[in-house]
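Undergrad:
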Amino acid sequence: MLQDSVETSECFLFEGLRMPLVLSNVETLRFAREEFLVRDDDVIIVSYPRSGTHWITEILNLIRFNGDPTWIQTVPVFLRSPWIEDARFQKDLINQNGPRLMVSHLPVQLFPRSYFSCNAKVVYILRNPKDIITSIYHVSRGFVYRKQPENFDEFLNRFIKGDVHYGSWFDHTLGWIKKRDMGSFLLIFYEELQRDPRGSVEKICQFLGKKLTPGEIDLVIQHSSFSAMKENKMSDHFAMDSRLQKAIISPMLRKGVCGDWKNHFTVAQSEDFDKFFQEKMSSLDPGLFPWF
Ligand code: A3P
1380 MLQDSVETSE CFLFEGLRMP LVLSNVETLR FAREEFLVRD DDVIIVSYPR SGTHWITEIL
1440 NLIRFNGDPT WIQTVPVFLR SPWIEDARFQ KDLINQNGPR LMVSHLPVQL FPRSYFSCNA
1500 KVVYILRNPK DIITSIYHVS RGFVYRKQPE NFDEFLNRFI KGDVHYGSWF DHTLGWIKKR
1560 DMGSFLLIFY EELQRDPRGS VEKICQFLGK KLTPGEIDLV IQHSSFSAMK ENKMSDHFAM
1620 DSRLQKAIIS PMLRKGVCGD WKNHFTVAQS EDFDKFFQEK MSSLDPGLFP WF
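Numbered per the working numbering, the sequence shown spans residues 1380 to 1671.
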């Protein structure tokens, strides 16, 4: 049972989901869904943790300033683009002038209801869940308050059951993909960003209605590269945010590649996971996912 395994020092249960206390609490989650007013000119990046959220956030911040890196190099990422469910910034966001660029890991059922009746834009970033598992496994091992995973297999099983922060990846992904026709919604893949950064930036610009010159697009790609973000301390959420600083000793930017899962999954684990994936996601076109 999920309830039995919750470690109250680092998370709390909200409607059956294990949520990290370092960011939210029951009040902020209730406020986010029931009262937070999304505006027509908002852009919101939504993701399951470790999907490339900070990467896409950097890209959108750079697009906003035509590739000029001054903003991303002088203001910490969590202030440039606050989390809607973050207890510290939620109330400030209400008074912030638009257009706002915000971030959220919330599953669709906990997302602000007001979004579904306005023209705000959501950019949803998806990543191969095997790489997400690998990434979270490493971060969990550097999470001070969190019970360390006993081993990779134990963590993999918990991930499959959804007994991890923000609940099941499968439910998060299905929930959002099924709602994609309800609003202004762009689905972008981590793997696509890796394979074709220029095409991805152009696609995002088109979605945002923003025209950049080829030189400005070069700047966006250059300043959002893994090496540039690794050097820019303002991009490192874990290091810059005093609460996360205390909670997590892993680097926010770890490897930044596709396919690191191959160094962690056994053949049997991979086959079992693929089978589970196909069963859970059978209502979607398998051609949707670029990792198959
Ligand atoms: P790894 O742990 O596999 O390296 P999130 O921002 O959603 O927490 O996702 C973090 C993951 O995105 C980490 O994956 C991190 O290294 C990767 N990432 C962040 N910035 C990146 C970039 N510019 N290029 C490639 N990967 C990046």
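Note that CB positions come from ideal geometry on N, CA and C, so glycine has one too. Just so we're clear, the structure is a prediction, and the values are computed from it rather than from any experiment.
1. Tell me, please, whether the CB atom of Arg1506 is closer than 8 Å to any CB atom in chain D?
2. Suppose the cutoff is 6 Å on Cβ atoms and the five residues either side in sequence are ignored; what does the same chain contact list for Asp1615 look like?
3. Do the segment 1405 to 1414 and the segment 1549 to 1567 meet, that is, are 3 or more Cβ pairs less than 8 Å apart?
4. Gly1431 and Ile1504: beta carbons closer than 8 Å?
5. What residues sit near the ligand A3P, counting only those whose C-beta is closer than 5 Å to one of its heavy atoms, in chain order?
6. Give the straight-line distance between the Cα atoms of Asp1471 and Ser1403, rounded to the nearest whole angstrom.
7. Could you check where the beta strand (DSSP E) with Val1425 kicks off and where it finishes?
8. So, under 8 Å CB-CB, Ile1438 and Ile1583 are touching, yes? Tell me the CB distance rounded to an integer number of Å.
9. Could you check the C-alpha separation between Val1385 and Glu1414 for me, to the nearest Å?
10. Can you tell me where the beta strand (DSSP E) holding Phe1568 begins and where it ends?
11. If contacts are defined as beta-carbon pairs under 8 Å, then Ile1596 and Arg1577 qualify, I think. What distance do you get, rounded to the angstrom?
12. As a quick exercise: from Phe1468, Leu1441, Val1518, Thr1513, pick the residue whose alpha carbon is nearest that of Asn1536.
13. Contact defined as beta carbons within less than 8 Å: I believe Ser1493 pairs with Leu1416. What is the distance between those atoms, to the nearest angstrom?
14. Report the option in Asp1421, Leu1396, Leu1400 whose CA atom is closest to the CA atom of Ser1563.
15. Would you call the CB atoms of His1544 and Pro1665 closer than 8 Å?
16. Using the Cβ count rule (16 or more neighbours within 10 Å means buried), how would you classify Ile1435?
17. Determine, using beta carbons only, whether Trp1555 and Val1487 come nearer to each other than 8 Å.
18. When burial is assigned at 16 or more other CB atoms within 10 Å of the CB, is Ser1464 buried or exposed?
19. Note the first and the last residue of the continuous alpha helix (DSSP H) segment covering Ile1600.
20. Where Thr1645 and Arg1418 are concerned, what is the direct C-alpha to C-alpha distance, given to the nearest angstrom?
21. In whole angstroms, what is the alpha-carbon distance linking Ile1423 and Asn1498?
22. Tell me whether Lys1500 is buried or exposed, calling it buried when 16 or more other Cβ atoms sit within 10 Å of its Cβ.
23. Would you say the segment 1601 to 1618 touches the segment 1451 to 1460, given that touching needs at least three Cβ pairs under 8 Å?
24. Which word fits Thr1387, buried or exposed, when buried means at least 16 other C-beta atoms lie within 10 angstroms of its C-beta?
25. Do the CB positions of Gly1638 and Phe1605 come within less than 8 Å of each other?
26. Exposed or buried, which one is Pro1528 when buried takes at least 16 other CB atoms within 10 Å?
TA: Taking the coordinates as given:
1. Annotation note: the requested chain D is absent from the structure, which comprises a single protein chain.
2. In the sequence shown, counting from the first residue as 1, residue 1615 sits at position 236. Same-chain partners within the cutoff: Met1631.
3. no
4. Position 52 of the sequence shown, counted from the first residue, corresponds to residue 1431. Position 125 of the sequence shown, counted from the first residue, corresponds to residue 1504. Their beta carbons are under 8 Å apart, which means Gly1431 touches Ile1504 by this criterion.
5. Arg1429, Ser1430, Gly1431, Thr1432, His1433, Trp1434, Ser1514, Phe1605, Met1608, Leu1632, Arg1633, Lys1634, Gly1635
6. Within the sequence shown, the letter at position 92 stands for residue 1471. Within the sequence shown, the letter at position 24 stands for residue 1403. Near 15 Å, if we compare the C-alpha coordinates of Ser1403 and Asp1471.
7. Position 46 of the sequence shown, counted from the start, is the residue given in the question as residue 1425. That run of the beta strand (DSSP E) goes 1422 to 1426.
8. As a working mapping, residue 1438 is identified with position 59 in the sequence shown. As a working mapping, residue 1583 is identified with position 204 in the sequence shown. Indeed, because the Cβ distance is near 7 Å, the residues count as touching under 8 Å.
9. The count along the sequence shown starts at 1 and reaches residue 1385 at position 6. The count along the sequence shown starts at 1 and reaches residue 1414 at position 35. Low confidence applies here, because Val1385 scores a pLDDT of 45, under 50, leaving its location unreliable and the question unanswered by this model.
10. Residue mapping note: residue 1568 aligns to position 189 of the sequence shown, counting from 1. Unbroken beta strand (DSSP E) run through Phe1568: 1563 to 1568.
11. Within the sequence shown, the letter at position 217 stands for residue 1596. Within the sequence shown, the letter at position 198 stands for residue 1577. Right, the Cβ-Cβ distance comes to about 6 Å (below 8 Å), so this counts as a contact.
12. The residue you call residue 1536 lines up with position 157 of the sequence shown. Comparing Cα positions, the closest option is Thr1513.
13. Working through the sequence shown from its first residue, we reach residue 1493 at position 114. Working through the sequence shown from its first residue, we reach residue 1416 at position 37. 5 Å between Cβ atoms; contact.
14. As a working mapping, residue 1563 is identified with position 184 in the sequence shown. Out of Asp1421, Leu1396, Leu1400, Asp1421 has the C-alpha closest to the C-alpha of Ser1563.
15. For the purposes of this step, residue 1544 is taken as residue 165 along the sequence shown, with counting starting at 1. For the purposes of this step, residue 1665 is taken as residue 286 along the sequence shown, with counting starting at 1. No; because the gap between Cβ atoms is not below 8 Å, this pair is not in contact.
16. The residue labelled residue 1435 in the question sits at position 56 within the sequence shown. Buried: at least 16 other Cβ atoms inside 10 Å.
17. Translated into positions along the sequence shown, residue 1555 becomes position 176. Translated into positions along the sequence shown, residue 1487 becomes position 108. By the CB criterion at 8 Å, Trp1555 and Val1487 fall inside the cutoff.
18. Position 85 of the sequence shown, counting from 1, holds the residue named residue 1464. This sequence places Glu at residue 1464; Ser is not what is there. Burial call: buried.
19. On the sequence shown, residue 1600 is found 221 positions in, with the first residue counted as 1. Ile1600 -> alpha helix (DSSP H) spans 1593 to 1602.
20. In the sequence shown, residue 1645 corresponds to position 266, counting from 1. In the sequence shown, residue 1418 corresponds to position 39, counting from 1. Take the alpha-carbon of Thr1645 and the one of Arg1418: they are about 46 Å apart.
21. Indexing the sequence shown from 1 puts residue 1423 at position 44. Indexing the sequence shown from 1 puts residue 1498 at position 119. Spanning the two alpha carbons is a distance of roughly 11 Å.
22. Locating residue 1500 in the sequence shown gives position 121, counting from the first residue. Under this definition Lys1500 is a buried residue.
23. yes
24. Within the sequence shown, residue 1387 is the residue found at index 8, counting from 1. With a pLDDT of only 49 at Thr1387, under the threshold of 50, the placement of this residue in the model should not be trusted; the figure read from the coordinates follows. Under this definition Thr1387 is an exposed residue.
25. Mapped onto the sequence shown, residue 1638 falls at position 259. Mapped onto the sequence shown, residue 1605 falls at position 226. No, they are not a contact pair.
26. Start at 1 with the first residue of the sequence shown, and residue 1528 comes out as number 149. Flag for Pro1528 reads buried.
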